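Working notes, beginning with the structure itself.
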Amino acid sequence: MTNRYAGMNGSFSAQIQAFADQAKEAIDATLRDIIINVGNSVITMSPVGKPEIWKINKISHEYNQAVAEHNSKLRDDPANLTKAGRLRPGRKLNDGMGIWAPKRYVGGRFRGNWMFSISTPDNSTTEAIDASGASSMARIVNGAIEFNAGETAYITNSLPYAIPLEYGHSSQAPNGMIRVTVARFQQIVLEAIRNNQV
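Quick note: the sequence shown uses our numbering, first residue 44, plus one each step.
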């Protein structure tokens, strides 16, 4: 007579191991999502230099806006327009003040200097201009893929003006980037956990 239970055991070890493997994958995925979302937060909140809003250019910018508004209002009066719908000669103000910026200045270097590393901070900088933040975001996503639970991840920006920008030097980020992200950190974590439940 054969035993119908031959070869079977009462151990749950295989199921427990499968759950443990699944849980570890979920933990790693959750941590990677947290890193990516933190990186996205600091990058998108990072100011991109706009010379027209710098204090030194405030009067020039306001004057140029007033000229543009004046010319726009002229278009509201049909007497100022030709049959083709253009402003009559001599009506439009062709005046303006220059906006000062360093020679060949292009905003976006700060956004382009967010670095990602595991175990030790990456204090390097780059001259690359990345106004959209796409290159910095790609660095963080590519680095996060290699991250595993138990390791330490770093997102750094080592430009000398990073600290002043964090503490309100730019009107585009008056509350900084890191401090705002830290204030939202619990929300970021809970969202990542929800997205990676076992």
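Glycine included, every Cβ here is placed at the ideal spot set by N, Cα and C. Everything numeric in this text was worked out from a predicted model, so none of it was measured.
For Ala187, is the classification buried or exposed, using 16 other Cβ atoms within 10 angstroms of its Cβ as the cut-off for buried?
-> buried
Classify Ser115 as helix, strand or coil using the three-state DSSP reduction.
-> helix
Buried or exposed: Ala216, going by 16 or more other Cβ atoms within 10 Å of its Cβ?
-> Result: buried.
Can you tell which of Arg47, Ile79 and Ala57 has its C-alpha closest to the C-alpha of Val232?
-> Ranking Arg47, Ile79 and Ala57 by CA distance to the CA of Val232 puts Ile79 first.
List the whole-angstrom C-beta distance separating Glu95 from His104, where the pair is believed to meet the contact cut-off of C-beta under 8 Å.
-> Sure, about 5 Å apart at Cβ, within 8 Å.
Out of Ile221, Gly150, Gly211 and Ser214, state which residue places its alpha-carbon closest to the alpha-carbon of Asn200.
-> Ile221
Could you name the residues of the same chain whose beta carbon sits closer than 6 Å to that of Asn191, not counting the 5 residues immediately before and after it, in chain order?
-> Asp71
What is the rounded straight-line gap between the Cα of Glu170 and the Cα of Trp157?
-> 12 Å
Going by beta carbon distance, what residues of the same chain come within less than 7 Å of Ile172, once the five residues before and after it are set aside?
-> Val149, Gly151, Arg152 and Gly155
Residue closest to Asn114, alpha-carbon to alpha-carbon, out of Lys126, Gly133 and Lys101 | Gly133
Nearest neighbour of Met88, chosen from Leu208, Asn185, Thr195 and Lys146 [CA to CA] = Here the closest residue by C-alpha is Leu208.
Identify every run of the beta strand (DSSP E) within the segment 160-232, keeping only runs that are complete inside it and at least 3 residues long; order them along the chain.
-> 196-199
List the endpoints of the continuous alpha helix (DSSP H) containing Val81.
-> Ser56 to Met88
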